[in-house]
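Student: Provided herewith is a single structure, encoded as C-alpha cells, for subsequent inquiry.
Below is the structure:
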C-alpha cells in the first residue's frame, strides 16, 4: 500500500516506492521518480497534480525539463481511430466499414457455447411441458362439458336424468379438487 505525503510549501510528493527526487530551479522538490502506469490510480493522480501545480513554470521556462519529463506518454485505448469526413462519399465508406465491423462474428468460448446449448435445451423442455400442461387442462375442462351436454340433452329420457346428473356432479368435482 502506498502512502502519499503532500507538503504544500515544498511541493513534496512521495511514496514508500519512490527513490529519485526531481527538483525545480529554486531547489523545491517536485516529484520523486517513479513509473507511472495508467493502471495505478495513485501514480496517475500524482503526475496530474504535479503537472497542474507547475505547468505555468514549464511554459515560461523557469524549470529545466529533466529526462523524466522528456519521456513520451502513451495512453491505451480500445477506441477505433476515425478520420474526420468532409464529404458524403467518406461517410458512405465509413458506413460500409461500420457494417462490416457489425457483421463480424464474435467468437464464443467453449463455456459460452455450452451455456447457450444448455439454455436452448431448457427452453425446449419448458415449452414441451407447457404444451402438455395445456393439453391436460383442456382434457380436464372437456370432461364436465361432455357431462353437461349429456345431462341437458333432449334425447335422453326424463327418468334417467337424475342419476346421470348426480354422477356428473360427483365426477366433475373430483377433477376440480
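Residue numbers (my numbering): -9 to 167. Cβ coordinates follow ideal geometry from the N, Cα and C atoms, glycine included.
(1) Would you mind sorting residue 136 into buried or exposed? The rule is 16 or more other CB atoms within 10 Å of its CB.
(2) Please report the distance separating the alpha-carbon of residue 37 from that of residue 102.
(3) Quick one: Cα of residue 129 to Cα of residue 122, how far?
(4) Let's see if you can read the secondary structure: which residues bound the alpha helix (DSSP H) around residue 126?
(5) When the Cα atoms are used, what is the spatial distance from residue 125 to residue 105?
(6) Taking just the CA atoms, how far does residue 35 sit from residue 44?
(7) Put residue 40 into one of helix, strand or coil per three-state DSSP.
(8) With a cut-off of 8 Å, does the C-beta of residue 106 fall near any C-beta of chain D?
Tutor: According to the structure data:
(1) By the 10 Å Cβ count, residue 136 comes out exposed.
(2) In a straight line, the C-alpha of residue 37 is about 41 Å away from that of residue 102.
(3) Going from the Cα of residue 129 to the Cα of residue 122 covers about 11 Å.
(4) Taken as a continuous stretch (DSSP letters only), the alpha helix (DSSP H) holding residue 126 covers 100 to 141.
(5) Cα to Cα, the separation comes out at about 30 Å.
(6) Rounded to the nearest whole angstrom, the CA to CA distance from residue 44 to residue 35 is 14 Å.
(7) It is helical.
(8) Within the model displayed, chain D is absent; a lone protein chain is all it includes.
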